Amino acid sequence: MQSWFGLKRSAMVALGLLVVGMVACAPGPDLSDGLFAQIRTNRGTMTIRLEYEKSPMTVCNFVGLAEGTINGLDGKPFYDGLNFHSVVADFVAQGGDPLGDGTGGPGYDFPDEIHPNLRHDAAGIVAMANQLPNTNGSQFYITLKATPNLDGRYSVFGRVIHGIEVLDKLQTGDAIRSIRIVRVGEAASQFRSDQATWEALINAASSEVRVASQNSREAVIATILQRWPELEPARQGMFQAIVAEGRGDTSARRGDLVTLNYKAILPDGLIFESSATNGQELKLELGTGQITFGLDRAVEGMKIGESRVVAIPPELGYGRTGDGFVPPNSFIIYELELVAVE
């Protein structure tokens, strides 16, 4: 027969197990209906409300990576064990890079998804980080204060609703120990983040981006032709016009060293560079892309004394990145005079 002491000890053990079980099963903060991400770091845990109705593609990507249900992860959580590779005081904490240096990603890009009602209006706003428009992957950031200058440029998809104090403790290199997704309510439970859903959302958005890009390109071309009506279509998407004929039989060819007077102009008429402002003529070896490959193409075939106006498309200019005064995906108009060929 068990002693009173034994009974008391058994009861205490049972009570202890019950308490431990209750703690282990505790879901964390009380959450109303919605889709949430609980980010556990070495500084504490943050709970993020995910805006799956306003930013379904971005949330699908984030949840799919967190749970390992997309991109061939086979159930392996993508974010677990990564870190916050950059924490800038009074700005953002950025993480989600498998390389840990701000250059990595999941191996794909997807378009921006910018909702007008999701703004960088407080600390704790969660959005996708990228280097250029429509190049989102796995990296995300959390604002450390309101940053309205980021509105309209990055895809906001969540907000920290619990654990905001953790943000104040984060430092560069702090660990993302795990990200767990919590679904509360029927609508959130119905939200899918599988491969098929993810691909459908990204394909639809990519199609919209292509249409918008084409419409924008056509609008820019119309602006250029209105400002330089003498231009006519030429090779490789360029437009050109000969303003003054050259002399002699020698034409500039790839490999030649040429001397030019020139202006480089944006479609809105802004002259961002010229031989006059630089105080000297430009010497250029054709075919090297010393300035842009588009400029090389524009000069090829010119004769000494010839003047041309040539509009080059972004892919022959500074492309998706832009450069200095040149925004990404910009046409450039060159006004050229060939002075010498060597």
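With positions in the sequence shown counted from 1, the corresponding number in this note's numbering is that position plus 269. Idealized CB from N, CA, C, for every residue including glycine. Computed from a predicted structure; not experimentally measured.
Pop quiz: residue i and residue j are said to be a contact at Cβ under 8 Å. What is the actual Cβ separation, rounded to whole angstroms?
i, j, result
"residue 580", "residue 493", "5 Å"
"residue 391", "residue 409", "Not confirmed; about 16 Å, so no contact."
"residue 563", "residue 593", "Actually they do not touch by this definition, with Cβ atoms about 16 Å apart."
"residue 362", "residue 411", "5 Å"
"residue 348", "residue 490", "Their Cβ separation, rounded to whole angstroms, is 43 Å, which puts residue 348 and residue 490 out of contact at 8 Å."
"residue 441", "residue 356", "5 Å"
"residue 577", "residue 509", "6 Å"
"residue 460", "residue 320", "Not a contact, Cβ separation roughly 11 Å."
"residue 424", "residue 382", "5 Å"
"residue 401", "residue 589", "5 Å"
"residue 377", "residue 340", "7 Å"
Please tell me whether residue i and residue j are closer than 8 Å, where the distance is taken between their beta carbons.
i, j, result
"residue 454", "residue 429", "no"
"residue 375", "residue 344", "no"
"residue 573", "residue 517", "yes"
"residue 462", "residue 333", "yes"
"residue 346", "residue 335", "yes"
"residue 379", "residue 471", "yes"
"residue 534", "residue 445", "no"
"residue 303", "residue 503", "no"
"residue 313", "residue 438", "yes"
"residue 495", "residue 566", "no"
"residue 311", "residue 443", "yes"
"residue 607", "residue 568", "yes"
"residue 416", "residue 353", "no"
"residue 521", "residue 555", "yes"
"residue 575", "residue 514", "yes"
"residue 609", "residue 480", "no"
"residue 315", "residue 389", "no"
"residue 600", "residue 536", "yes"
"residue 541", "residue 478", "no"
"residue 338", "residue 464", "yes"
"residue 436", "residue 413", "yes"
"residue 591", "residue 597", "yes"
In the DSSP assignment, find the alpha helix (DSSP H) that holds residue i and state where it starts and stops.
i, result
"residue 479", "464-496"
"residue 331", "325-336"
Mind checking who residue i pairs with in its DSSP beta bridge?
i, result
"residue 425", "396"
"residue 502", "508"
"residue 580", "508 and 602"
"residue 595", "592"
"residue 607", "529"
Within the continuous beta strand (DSSP E) that includes residue i, where are the two ends?
i, result
"residue 309", "303-310"
"residue 263", "An answer regarding residue 263 cannot be provided, because it is not within the stretch 270 to 611 covered by the chain."
"residue 317", "313-319"
"residue 356", "353-356"
Requested in this report: May I have a chain-ordered list of the beta strand (DSSP E) segments no shorter than 3 residues that lie completely inside the segment 527-578?
Outcome: Entirely contained in the segment 527-578, the beta strand (DSSP E) runs reaching 3 residues are, in chain order, 540-543 and 551-554.
**Report entry** Sequence ranges, beta strand (DSSP E) only - wholly within the segment 430-465, length at least 3
**Finding:** List check, beta strand (DSSP E) in window: 445-453.
Query raised in the report: Which residue spans inside the segment 360-424 form an unbroken alpha helix (DSSP H) run of at least 4?
Result: None, since the segment 360-424 contains no complete alpha helix (DSSP H) of that length.
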